[in-house]
Amino acid sequence: MTRNRLASGVLAFVVAIYMGGCGGGGGGEGGSGSGSNGATPASQSAAGATSRSTDYTAVAMAGERLIFSVDTTNRTYNYRIIDSQYGLEGKVGSGTLSDNGNGTWAASNMPDVMIVSLPNGLFLGAIRESIHGVVTTVPVFGTANPVTTLADAQGTYNIIHRGCVNNNCTAGLGTFNIDAAGIWSFCVQGNLTTECPSAVVSSTLNPLGGGLWQVMSGSTEVGTALMFTANNQNNILLDLKDSGAFSKGMILGAQQQTMDFAQTDGTWLVAGSSGKWWGVFSASGGNLRLLSVNGVPMTKNLSLNANNPWEGVFTDSTGTHGIFANSGIYGNVGPNGYAEIGLRLGN
């Protein structure tokens with residue numbers, strides 16, 4: 016791994032220094048996974064992970080849509096891939112969970128994966144599947160409570176976008192809007208509520224039932240969207256399946272709100288797009304402190320400039336941008352298709 020491959024983002028900024036240019040990679044459809052199985056420190060108590068069995072409608076960063084089930088009573092997990100760009104429909108995975116005693120779970124059969132299943136219906140984990148003939152660890156984000164009406168889905172979302180075609184990956188920040196008629200609009204690297212510096216892509220959403228929406232661009236199916244609410248903020252997940260401009264991957268976003276550091280303070284678990292890097296950082300007043308990477312304690316500080324370059328997003332002290340939402344969603348993007356997604360623990 017070259018240093019410029021993971022040159023930005025809260026986790027990547029330190030991983031580039033920590034690894035000294037060795038091993039792994041930030042590109043590709045998910046990247047290769049061979050990380051640590053160490054318990055990841057966090058500030059959430061074990062009581063924060065209430066025993067329960069929950070089914071999550073989830074999207075993997077490589078562009079898979081799946082159902083991921085977590086049973087914290089029997090300490091088991093299983094998943095089934097519903098839609099795949101790599102011939103993986105119907106594939107299943109399962110195993111047992113080991114309680115790390117801090118609100119996170121280690122997953123058997125996936126030694127480089129941490130799982131978080133939160134009381135507010137949000138989920139962060141990963142799957143290990145063969146993509147292009149390589150067993151790959153791919154970060155997964157999900158929700159137990161997708162909304163089912165357009166009235167609940169309307170709004171402008173700040174989003175991160177990561178997609179790959181033929182192993183060439185890009186990642187970026189943008190905005191995505193859904194109106195009352197089911198028309199969606201997307202601005203790459205710009206804010207739809209002010210002025211989009213690039214061409215605005217716009218087309219229709221078609222309801223599929225169960226909180227799923229087919230996203231069309233003319234006659235081309237771009238992917239499948241689901242929207243959900245957490246901490247009084249709407250959020251969006253989009254499973255991308257396009258071989259063209261949108262590519263194959265994921266969109267993750269939160270409805271545009273003024274970013275208030277007091278609402279985003281806490282401890283966060285973050286996964287990198289390579290699937291290999293897992294880290295924990297704390298946030299307080301716009302200052303971030305990295306606590307660990309793959310279970311290895313470390314200290315590194317970053318700072319955020321809120322509502323820059325537009326409302327509800329940030330620029331960090333490495334010069335990159337992302338979302339850091341009251342709903343408990345985190346995302347950051349960097350060069351070479353690198354992306355980070357995360358959740359605030361204890362929601």
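Basically the numbering used here = 1-based index in the sequence shown + 15.
Glycine included, every Cβ here is placed at the ideal spot set by N, Cα and C.
Residue range of the unbroken beta strand (DSSP E) whose run includes LEU139: 137-146
At least 3 beta-carbon pairs within less than 8 Å: the region 242-255 vs the region 142-149: no
Three CB pairs or more closer than 8 Å across the region 338-346 and the region 271-282: yes
Given 8 Å, three or more beta-carbon pairs between the region 127-139 and the region 65-78: yes
Whole-Å CB distance - LEU284 paired with VAL131, under 8 Å assumed: 5 Å
DSSP-derived helix/strand/coil call for ARG20: With a pLDDT of only 30 at ARG20, under the threshold of 50, the placement of this residue in the model should not be trusted; the figure read from the coordinates follows. DSSP places ARG20 in helix when its eight states are reduced to three.
Within 8 Å, strictly: CB atoms of GLY78 and GLY287: no
Touch test, the region 307-322 against the region 172-183, Cβ-Cβ under 8 Å, three pairs minimum: no
Cβ distance (whole Å) where ILE356 is taken to contact PRO154 below 8 Å: 6 Å
Cut-off 7 Å between Cβ atoms - residues of its own chain near MET231, not counting five sequence neighbours on either side: SER218, THR219, ASN221 and VAL237
Beta-carbon proximity of GLY189 to CYS179, cut-off 8 Å: no
Min CB distance LEU252 to chain C below 8 Å: Of the protein chains in this structure there is only one, and it is not chain C.
Coil, strand or helix - LEU133 by DSSP: coil
According to DSSP, residues forming a beta bridge with GLY178: THR185 and GLY264
Contacts around ASP280, its chain only, beta-carbon distance under 6 Å, and the 5 residues preceding and following it disregarded: ALA298 and SER299
Contact check, ASN316 vs ARG304, beta carbons under 8 Å: yes
Best match in ASN115, PRO126 and VAL308 for proximity to SER109 [C-alpha to C-alpha]: PRO126
For SER47, the three-state DSSP class (helix, strand or coil): Because SER47 sits at a pLDDT of 37, beneath the cut-off of 50, its placement in the model cannot be relied upon, and the following sentence gives the value as read from the coordinates. Looking at SER47 - three-state DSSP - the assignment turns out to be strand.
Which of helix, strand or coil DSSP assigns to LEU26: helix
7 Å Cβ shell around SER332 - same chain, five flanking residues per side excluded: LEU317 and SER318
GLY361 burial status per 10 Å Cβ neighbour count (16 or more: buried): buried
Chain-order list of residues whose beta-carbon lies under 7 Å from that of PHE329 (same chain, five-residue window excluded): MET274, LEU319, ASN320, ALA321, ASN323, HIS336, GLY337 and PHE339
Classification of ARG67 by the beta-carbon crowding that lies within 10 angstroms, buried from 16 upward: exposed
Distance between GLU326 and LEU255 (C-alpha atoms, nearest Å): 25 Å
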